[in-house]
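Take a look at the structure set out below.
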Amino acid sequence: MTKQEIRQIVYNKYNGKCAYCGSELPAKWHIDHIEPAVRNSKYDSKNLRYVADGTCRGQGSDVLSNYNPACPSCNIQKNSFTIEQFRQNIMGFLNSLNQYSTQYKFAKRYGLIRELETDVIFYFEKQL
Ligand SMILES: [Zn+2]
Numbered sequence: 067m068t069k070q071e072i073r074q075i076v077y078n079k080y081n082g083k084c085a086y087c088g089s090e091l092p093a094k095w096h097i098d099h100i101e102p103a104v105r106n107s108k109y110d111s112k113n114l115r116y117v118a119d120g121t122c123r124g125q126g127s128d129v130l131s132n133y134n135p136a137c138p139s140c141n142i143q144k145n146s147f148t149i150e151q152f153r154q155n156i157m158g159f160l161n162s163l164n165q166y167s168t169q170y171k172f173a174k175r176y177g178l179i180r181e182l183e184t185d186v187i188f189y190f191e192k193q194l
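Numbering-wise (the numbering used here), the sequence shown opens with residue 67 and increments by one.
Encoded structure:
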């Protein structure tokens with residue numbers, strides 16, 4: 067299977083939508099590893115930086131069944147988290163906003179924001 071064919075299958079998995087937030091995939095959408103794959107890197111002493119060496123470690127394997135289509139912001143935020151870690155990460159945003167964001171606290175106090183007692187449910191979980 068070519069890379070292009072793999073991308074098309076992953077794209078079609080949720081009809082062109084991000085598996086996590088459900089938004090339309092933009093042109094530069096990402097392939098997420100559901101079980102994270104951590105890319106190994108080696109130090110390039112010539113350029114003084116780490117570069118990917120083309121190998122992976124961790125539970126996440128480079129197989130089609132481990133791929134989800136993701137918009138760049140979800141993929142970048144998910145980073146090397148598992149699904150549950152990603153969910154907890156997003157749920158933690160509310161605590162951070164309440165603790166650190168003056169604008170958020172103001173907007174909430176003036177009734178512009180209403181928090182819901184709900185869990186983060188990913189788009190792909192609603193498709194089951
Ligand atoms: Zn998304």
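Using N, Cα and C, we set each Cβ at its ideal position, and we do this for glycine too. From a predicted model like this one, the values you see are computed outputs, not experimental measurements.
For residue 79, there is no enclosing beta strand (DSSP E), as DSSP marks it with neither H nor E. Taken in chain order, the complete beta strand (DSSP E) segments of 3 residues or longer contained in the segment 79-152 are 96-99, 104-110, 115-123 and 133-136. Buried is the label assigned to residue 136, since at least 16 other Cβ atoms lie within 10 Å of its Cβ. Look at the beta carbons and you see the segment 136-145 touching the segment 77-93: at least three pairs across the two are nearer than 8 Å. For residue 168, the enclosing alpha helix (DSSP H) starts and ends at 168-175.
Counting C-beta pairs with one atom in each stretch, the segment 126-134 and the segment 91-103 have three or more that are closer than 8 Å, which means they touch. Measuring C-alpha to C-alpha distances from residue 81 to each of 134, 94 and 170 identifies 134 as the nearest. Rounded to the nearest whole angstrom, the C-alpha separation of residue 166 and residue 110 is 38 Å.
Take the alpha-carbon of residue 147 and the one of residue 192: they are about 20 Å apart. Residue state for residue 178 is assigned as coil, using DSSP reduced to three classes. Within the same chain, 119 come within 6 Å of residue 108 by CB-CB distance, once the 5 residues on both sides are set aside.
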